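Chemist: Just add 15 to wherever you are in the sequence shown, counting from 1, and you've got my numbering. Just so you know, even glycine gets a beta-carbon here, dropped at the ideal spot from N, CA and C. All figures in this text were calculated on a predicted structure; none of them were measured in a lab. Let me give you the structure first, and then I'll get to my questions.
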Amino acid sequence: NKNLLLNLNPGFENDLESWAYEADYGEFGMSEIFFDDPEAVHSGKKGAKLHVTEAGYIDWHVKLSIPSQWEAVKDQKYLLTFWAKSQNPSKKLPLKCSAGLPDFTEIDKKTFTLNDDWKKFEFEFTSLEDGTGAVLLTFCLGLDTGIFYFDDFVLKAVGKITSIRWSRIPPQ
Numbered sequence: 016n017k018n019l020l021l022n023l024n025p026g027f028e029n030d031l032e033s034w035a036y037e038a039d040y041g042e043f044g045m046s047e048i049f050f051d052d053p054e055a056v057h058s059g060k061k062g063a064k065l066h067v068t069e070a071g072y073i074d075w076h077v078k079l080s081i082p083s084q085w086e087a088v089k090d091q092k093y094l095l096t097f098w099a100k101s102q103n104p105s106k107k108l109p110l111k112c113s114a115g116l117p118d119f120t121e122i123d124k125k126t127f128t129l130n131d132d133w134k135k136f137e138f139e140f141t142s143l144e145d146g147t148g149a150v151l152l153t154f155c156l157g158l159d160t161g162i163f164y165f166d167d168f169v170l171k172a173v174g175k176i177t178s179i180r181w182s183r184i185p186p187q
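Below you can see the structure in the form of structure tokens.
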């Protein structure tokens with residue numbers, strides 16, 4: 016069972032390549048992101064340090080979205096694991112899981128609690144659609160200031176593939 020993010024920069028070794036990051040709404044939410052801070056590395060040479068410098072009133076005004084360029088299968092369960100920590104004790108880390116375009120239907124969400132030591136986190140979800148970009152996984156961090164560290168993301172299908180594409184067999 017392979018990591019579906021394997022070729023999509025799951026550990027920030029190529030900075031933000033394949034990731035989506037939004038962070039400049041002025042007084043309504045601002046942040047900076049760095050990749051060379053040794054404190055941000057769980058494994059490899061790089062990791063992500065995201066510093067929310069201005070909080071706003073809309074959570075997605077500061078967001079980091081996990082690469083969505085992988086092929087989802089409708090009704091398939093997936094498990095996302097990642098390593099994270101924060102400089103701020105008991106820091107809340109909200110993760111939203113939604114369908115892609117056109118309507119971004121919410122599938123699930125979970126809030127993790129971070130401390131100043133690396134910890135592995137897990138999030139399980141089921142895709143509502145088939146296709147690349149069918150599932151969006153986004154950390155929405157715009158409501159509160161703080162420093163977050165991320166590294167080593169893994170996304171795998173759980174159990175057997177539940178959707179099979181049938182081909183037409185002509186009658187004999």
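#1: Would Phe-119 be called buried (16 or more neighbouring beta carbons within 10 Å of its own) or exposed?
#2: Give every residue of the same chain whose Cβ lies closer than 6 Å to the Cβ of His-76, excluding the five residues on either side of it in the sequence, and list them in chain order.
#3: Counting along the chain, where does the beta strand (DSSP E) carrying Thr-141 start and finish?
#4: Assign Tyr-72 to one of two classes, buried (16 or more other C-beta atoms within 10 Å of its C-beta) or exposed (fewer than that).
#5: In terms of residues, what are the limits of the beta strand (DSSP E) holding Ala-172?
#6: Could you check how far apart the C-beta atoms of Glu-23 and Ile-48 are, in whole angstroms? I think they sit under 8 Å.
#7: Considering only residues of the same chain and omitting the five flanking positions on each side of Ile-179, which have a CB-CB separation below 6 Å?
#8: Between the segment 107 to 125 and the segment 29 to 39, can you find at least three pairs of beta-carbon atoms closer than 8 Å?
#9: Does DSSP put Ala-87 in a helix, a strand or coil?
#10: Would you kindly work out how many angstroms separate the C-alpha atoms of Ala-87 and Lys-111, rounded to a whole number?
Modeler: Quick look at the numbers:
#1: exposed
#2: Tyr-40, Phe-43, Gly-44, Gly-157
#3: 134 to 141
#4: exposed
#5: 161 to 173
#6: According to the sequence shown, residue 23 is Leu rather than Glu. Actually they are not in contact, since the Cβ atoms of Leu-23 and Ile-48 sit about 17 Å apart, beyond 8 Å.
#7: Residue placement at Ile-179 cannot be trusted, given a pLDDT of 49 that sits under 50; what the coordinates show is reported in the next sentence. Taken in chain order, the list of residues that qualify is empty.
#8: no
#9: strand
#10: 17 Å
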